[in-house]
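Here the structure is laid out as structure tokens; the discussion comes afterwards.
There are 2 protein chains.
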Amino acid sequence: MTITPYQLRQKIRNGNMTTNTSGLCSGFVQGNLCILPQDYANDFLRFCHLNPKPCPIIGMSESPGDFRLKSLGQDIDLRTDIPQYKLFENGQNVAQVNNIEQFWRDDLVAFVLGCSFSFEEALLADGLDVRNLSERVNVPMYRTNIACQPAGPFAGNMVVSMRPYKPADAIRAVQICSRFPSVHGAPIHFGDPAAIGINDIATPDFGDSVTINAGEVPVFWACGVTPQVAVEQAKPDFCITHAPGCMLVTDLNNSKLSIL
Amino acid sequence: MTITPYQLRQKIRNGNMTTNTSGLCSGFVQGNLCILPQDYANDFLRFCHLNPKPCPIIGMSESPGDFRLKSLGQDIDLRTDIPQYKLFENGQNVAQVNNIEQFWRDDLVAFVLGCSFSFEEALLADGLDVRNLSERVNVPMYRTNIACQPAGPFAGNMVVSMRPYKPADAIRAVQICSRFPSVHGAPIHFGDPAAIGINDIATPDFGDSVTINAGEVPVFWACGVTPQVAVEQAKPDFCITHAPGCMLVTDLNNSKLSIL
């Protein structure tokens with residue numbers, strides 16, 4: 002029996018689902034969450050605008066204090082509808098919780114950023130393997146030497162995710178992902194990891210390593226961990242994000258993000 | 002002073018221009034020519050249909066004996082409007098001429114196939130280098146081990162052209178060329194030449210070698226020499242093609258070939 006995104010969010014809100022949303026509500030957009038005080042929000046918005054490939058905004062609060070984001074789904078409450086949240090003070094992770102009602106403030110601005118689940122679904126639908134899914138691990142992610150455009154206190158190098166493909170499949174993946182600019186779009190590099198400052202492909206900085214078979218090359222996409230790194234560097238006095246893999250499940254169809 | 006495609010064709014027809022059309026009438030589609038007796042035309046059409054990436058048809062005779070191809074331009078006469086033709090008998094090149102009026106037959110069917118000039122122009126317009134152009138040589142072309150789908154006597158392996166790019170530029174080239182399926186479309190391979198049966202990248206089977214700089218990978222496109230190889234293999238009793246680089250210059254804008 003399938004469950005709608007609305008039903009899943011209600012279940013999360015009622016405390017009946019507190020884990021990873023990967024693979025749930027297939028066909029619907031899931032998003033990364035970043036909540037910042039108003040004093041930081043304008044710079045963060047500018048950072049995302051300057052770095053759209055790692056930081057594609059698919060929704061944000063209409064005004065400070067707004068936790069609804071009506072554009073992303075029916076009756077969304079960002080304080081209760083995500084399975085796990087991480088709380089940061091001055092850049093330090095101070096808690097992980099299932100509900101942020103008691104931490105909500107009238108000056109908080111929420112951002113929802115596109116996530117790779119959407120394009121991975123499109124790759125699978127085309128018959129391409131997504132190695133982190135077929136090996137049932139987290140996607141490998143790496144810090145690069147590619148500097149993001151800074152905005153106020155937000156800065157840092159781009160983080161990338163990696164999926165290995167044979168060249169002909171990598172070319173197809175470029176075509177498929179080019180249709181989805183709001184979920185990281187086309188890859189930013191393939192082949193030699195050292196060319197973008199990755200010294201050891203077998204040791205990702207985040208996530209798990211995956212098998213790269215003979216004849217395959219690593220293909221690298223801009224990754225939504227990039228804004229997290231920028232936030233860690235900015236050290237805002239207060240910040241809330243989703244916990245890795247515990248996303249906001251929206252009512253938007255993945256296909257709605259396709260520009261073609 | 003620029004010259005229109007119509008004016009260039011008239012100049013060629015009048016014998017005042019008998020050389021390479023590369024770089025002339027920038028912005029307009031140039032095409033490969035292949036003329037076959039009706040007995041072979043249906044199989045050749047099927048071969049092109051089965052192998053659209055190397056053999057993209059942009060025009061063909063409305064009926065046997067038709068040398069006009071009105072859809073490609075004003076007052077085109079395929080017997081006179083190409084600078085140099087090659088004549089083949091039983092697969093052997095028997096002559097190279099500037100005019101085929103005396104060889105024309107009522108059973109001949111003409112095919113015009115898209116050529117890489119169109120997508121090279123789109124790559125240049127985007128600021129990408131096209132190495133064969135910047136080094137002022139013919140593009141390097143290679144026989145591969147990728148078998149074409151056979152049709153009647155027409156068969157053989159795909160021939161590819163190669164242009165080197167840094168990975169990020171190769172990704173951009175995939176995006177640009179995907180918009181032009183009727184001029185070979187997206188690349189079919191990048192990286193390891195041996196993976197598609199190319200033993201020595203420095204020694205192309207046709208054309209000239211080009212420099213591959215550090216950090217660049219060879220990127221391979223399906224090539225319009227593929228149908229020529231298939232015709233050589235089919236050994237039709239009679240066949241006429243353009244001479245390399247001496248193309249039909251049409252009235253079609255290159256941008257009209259873009260599907261997006």
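Chain order of the listed sequences is A and B. Going by our numbering, the first residue of the first sequence is number 2, and it counts up by one from there. Going by our numbering, the first residue of the second sequence is number 2, and it counts up by one from there. A virtual CB, placed ideally from N, CA and C, is assigned to each residue, including glycine. From a predicted model like this one, the values you see are computed outputs, not experimental measurements.
(1) Listed from N- to C-terminal order along the chain, which residues in the stretch 209 to 221 of chain B have their beta-carbon within a distance smaller than 8 Å of any beta-carbon of chain A?
(2) Here's the rule: buried if 16 or more other CB atoms are within 10 angstroms of the residue's CB, otherwise exposed. What is residue 50 (chain A)?
(3) Could you check the C-alpha separation between residue 189 (chain B) and residue 210 (chain B) for me, to the nearest Å?
(4) With respect to the alpha helix (DSSP H) encompassing residue 178 (chain A), which residues constitute its N-terminal and C-terminal limits?
(5) Spatial neighbours of residue 14 (chain A) within its chain, please: C-beta separation below 8 Å, excluding the five flanking residues on both sides.
(6) Note down, in chain order, each residue of its chain lying with its Cβ closer than 7 Å to the Cβ of residue 42 (chain A), except the 5 sequence neighbours on either side.
(7) At 4 residues or longer, and completely inside the stretch 219 to 249 of chain B: list those alpha helix (DSSP H) runs for me, N to C.
(8) Find the residues of chain B that neighbour residue 190 (chain A), judging by a C-beta separation of less than 8 Å, and give them in chain order.
(9) Could you give the first and the last residue of the continuous beta strand (DSSP E) run that contains residue 77 (chain A)?
(10) Could you check what DSSP says for residue 64 (chain B) in three-state terms: helix, strand or coil?
(11) Under DSSP, the alpha helix (DSSP H) around residue 90 (chain A) begins and ends at which residues?
(12) Let me make sure I understand the geometry here. Which of A:28, A:238 and A:145 has the alpha-carbon closest to that of residue 201 (chain A)?
(13) Does the separation of the CB atoms of residue 32 (chain B) and residue 149 (chain B) fall below 7 Å?
(14) Could you spell out where the alpha helix (DSSP H) holding residue 56 (chain B) opens and where it closes?
(15) Please report the residue range of the alpha helix (DSSP H) in which residue 13 (chain A) lies.
(16) Taking the alpha-carbon positions, what's the residue 28 (chain A) to residue 255 (chain A) distance?
(17) For residue 218 (chain A) and residue 167 (chain A), I'd like the C-alpha separation in whole angstroms.
(18) Below 7 Å on C-beta distance, what does residue 179 (chain A) contact in chain B?
(19) Have a look at B:56, B:257, B:232 and B:247 and flag the residue whose alpha-carbon is nearest the alpha-carbon of residue 92 (chain B).
(20) Indicate whether the contact test is met: 3 or more Cβ pairs, each with one atom in the stretch 99 to 109 of chain A and one in the stretch 56 to 73 of chain A, closer than 8 Å.
(21) Give me the Cα-Cα distance between residue 252 (chain A) and residue 162 (chain A), rounded to the nearest whole angstrom.
(22) Counting only C-beta atoms, is residue 187 (chain A) closer than 7 Å to chain B at any point?
(23) Could you check the C-alpha separation between residue 125 (chain B) and residue 138 (chain A) for me, to the nearest Å?
(24) So the alpha helix (DSSP H) residue 123 (chain A) belongs to, where does it begin and stop?
(25) Taking residue 147 (chain B) as the reference, give the member of B:140, B:154, B:141 and B:158 with the closest Cα.
(26) Count the other C-beta atoms from every protein chain shown that fall within 10 angstroms of the C-beta of residue 172 (chain A), then say buried if there are 16 or more, exposed otherwise.
Well, looking at it:
(1) From the stretch 209 to 221 of chain B, only 216 and 218 have a Cβ closer than 8 Å to chain A.
(2) The residue in question, residue 50 (chain A), is exposed, as its Cβ has fewer than 16 Cβ neighbours within 10 Å.
(3) Looking at the two C-alpha atoms, the distance is approximately 19 Å.
(4) 168 to 179 is the span of the alpha helix (DSSP H), which, as asked, contains residue 178 (chain A).
(5) Closer than 8 Å at the Cβ level, and outside the excluded window around residue 14 (chain A), lie 78, 81 and 82.
(6) Within the same chain, Cβ atoms closer than 7 Å to the Cβ of residue 42 (chain A) are found at 110, the five residues on either side in sequence being excluded.
(7) Taking only runs of at least 4 residues, the alpha helix (DSSP H) segments lying wholly in the stretch 219 to 249 of chain B are 226 to 235.
(8) Here the neighbours are 168, 169 and 172.
(9) Here residue 77 (chain A) belongs to no beta strand (DSSP E), and DSSP marks it neither H nor E.
(10) Residue 64 (chain B) falls in the coil class under three-state DSSP.
(11) No alpha helix (DSSP H) holds residue 90 (chain A); the beta strand (DSSP E) holding it covers 86 to 90.
(12) Checking every option, the nearest Cα to that of residue 201 (chain A) belongs to A:145.
(13) No; because the gap between Cβ atoms is not below 7 Å, this pair is not in contact.
(14) From DSSP, residue 56 (chain B) is part of no alpha helix (DSSP H); its letter is neither H nor E.
(15) It spans 6 to 14 - the alpha helix (DSSP H) in which residue 13 (chain A) sits, taken as one unbroken run.
(16) Cα to Cα, the separation comes out at about 6 Å.
(17) Each residue's Cα considered, the two are about 6 Å apart.
(18) Ordered by position in chain B, the residues that pass the 7 Å Cβ test against residue 179 (chain A) are 176.
(19) Of the candidates B:56, B:257, B:232 and B:247, B:232 places its Cα closest to the Cα of residue 92 (chain B).
(20) Touching, yes.
(21) Going from the Cα of residue 252 (chain A) to the Cα of residue 162 (chain A) covers about 25 Å.
(22) Interface residue, yes.
(23) Rounded to the nearest whole angstrom, the C-alpha separation of residue 125 (chain B) and residue 138 (chain A) is 41 Å.
(24) Boundaries of the alpha helix (DSSP H) harbouring residue 123 (chain A): 118 to 126, taken from the DSSP string.
(25) When each option's Cα is compared against that of residue 147 (chain B), the closest is B:158.
(26) Label assigned to residue 172 (chain A): buried.
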